[in-house]
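So in full-length UniProt numbering the end of the sequence shown lands on 94, straight run, no missing numbers.
Glycine included, every Cβ here is placed at the ideal spot set by N, Cα and C.
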Amino acid sequence: METYGGRRTQGERDAMTVEIGYALCSAAFAAAVLFGAVAGPAYLFSLPDGARSALVAVGAALGGVVFLVRVVSVLVRFGRGGQPSQPGRTNPDS
Numbered sequence: 001m002e003t004y005g006g007r008r009t010q011g012e013r014d015a016m017t018v019e020i021g022y023a024l025c026s027a028a029f030a031a032a033v034l035f036g037a038v039a040g041p042a043y044l045f046s047l048p049d050g051a052r053s054a055l056v057a058v059g060a061a062l063g064g065v066v067f068l069v070r071v072v073s074v075l076v077r078f079g080r081g082g083q084p085s086q087p088g089r090t091n092p093d094s
């Protein structure tokens, strides 16, 4: 995505849209799994209200952090251009 002052092509815009969608979906999935792992026992077992509230709050906080970290890491990796420098070659030593 090296466009210095120029317009992006339709292919570049499409690639960016797909990458944003992937970042959001994978981040939502990771956050939901983490929330379920942390807060799940609060709903499966009969815990006191304080413990249930604490587990749900911690699960929500960790899920939010994981969501943000995942979105940022995917988009930063995309911005760096993870494609090989020579088309058709995937190994840097080849």
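Among R8, R80 and V74, nearest to I20 - alpha-carbon criterion: Translated into the one-based positions of the sequence shown, residue 20 becomes position 20. Considering only alpha carbons, the answer is V74.
Looking at C-alpha atoms only, which residue of S26, Y43, R80 and A39 is the closest neighbour of V66? The count along the sequence shown starts at 1 and reaches residue 66 at position 66. Looking at the Cα atoms, S26 is the closest of the given residues.
If I'm right that R77 touches A30 with Cβ under 8 Å, what's the distance once you round it to whole angstroms? Position 77 of the sequence shown, counting from 1, holds the residue named residue 77. Position 30 of the sequence shown, counting from 1, holds the residue named residue 30. Their Cβ separation, rounded to whole angstroms, is 15 Å, which puts R77 and A30 out of contact at 8 Å.
On the three-pair Cβ rule with 8 Å, is the stretch 6-21 touching the stretch 31-42? no
Contacting residues, own chain, Cβ-Cβ under 8 Å from V58 (five flanking each side not counted): By 1-based counting over the sequence shown, the position of residue 58 is 58. Cβ within range, chain order: V38 and A39.
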